[in-house]
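Undergrad:
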Amino acid sequence: MASIGPDQVGREARALLKEAIERSGWYPILSRAERDKRIEQDVERYWHVMAQEAARRLLDRFEACSRVACHRVGRAKDVGSAAGFRPSGRG
1459 MASIGPDQVG REARALLKEA IERSGWYPIL SRAERDKRIE QDVERYWHVM
1509 AQEAARRLLD RFEACSRVAC HRVGRAKDVG SAAGFRPSGR G
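For the sequence shown, position 8 matches number 1466 in our numbering, and the numbering has no gaps at all.
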């Protein structure tokens, strides 16, 4: 069974926090390079505040992928067995 590890949660949390900070308009008076550096520092410092949301999103994605995979397997079995097909009565 696949699992979601702490490294995945950390990466996802960092991405979520970086996106939120960039959208927020923090540090508007800094140059682009200074702002980017400051955001990276904040992300490394505070990513853990987004860890729960990151884990929830990863779990939701994992579950959605599992449902799609199960659905596809079920459909493939139906196609292979000709399930749902009935004789048309035509000759």
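Note that the Cβ used here is the ideal one computed from N, Cα and C, for glycine as well.
These figures come from a predicted structure and were not determined experimentally.
1. So H1506 packs on A1471, CB below 8 Å; how close in whole Å?
2. At the level of alpha carbons, what is the spacing between K1495 and A1478?
3. Tell me which residues share the same chain as Y1485 and place their Cβ nearer than 6 Å to its Cβ, disregarding the 5 neighbours each side in the sequence.
4. Pull up the distance between the alpha-carbon of R1515 and that of D1465, whole angstroms please.
5. Is Y1485 helix, strand or coil when you go by DSSP?
TA: The answer reads as follows:
1. Along the sequence shown, one-based indexing puts residue 1506 at 48. Along the sequence shown, one-based indexing puts residue 1471 at 13. The Cβ separation is near 7 Å, so the contact holds.
2. Indexing the sequence shown from 1 puts residue 1495 at position 37. Indexing the sequence shown from 1 puts residue 1478 at position 20. Spanning the two alpha carbons is a distance of roughly 15 Å.
3. For the purposes of this step, residue 1485 is taken as the residue at position 27 of the sequence shown. Counting only Cβ-Cβ distances below 6 Å, and skipping sequence neighbours, we find R1493 and R1496.
4. Within the sequence shown, numbered from 1, the residue matching residue 1515 stands at position 57. Within the sequence shown, numbered from 1, the residue matching residue 1465 stands at position 7. The alpha-carbon atoms of R1515 and D1465 are separated by roughly 14 Å.
5. Walking along the sequence shown from the start, residue 1485 turns up at place 27. In the structure shown, Y1485 sits in coil (DSSP, three-state: anything other than H, G, I, E or B).
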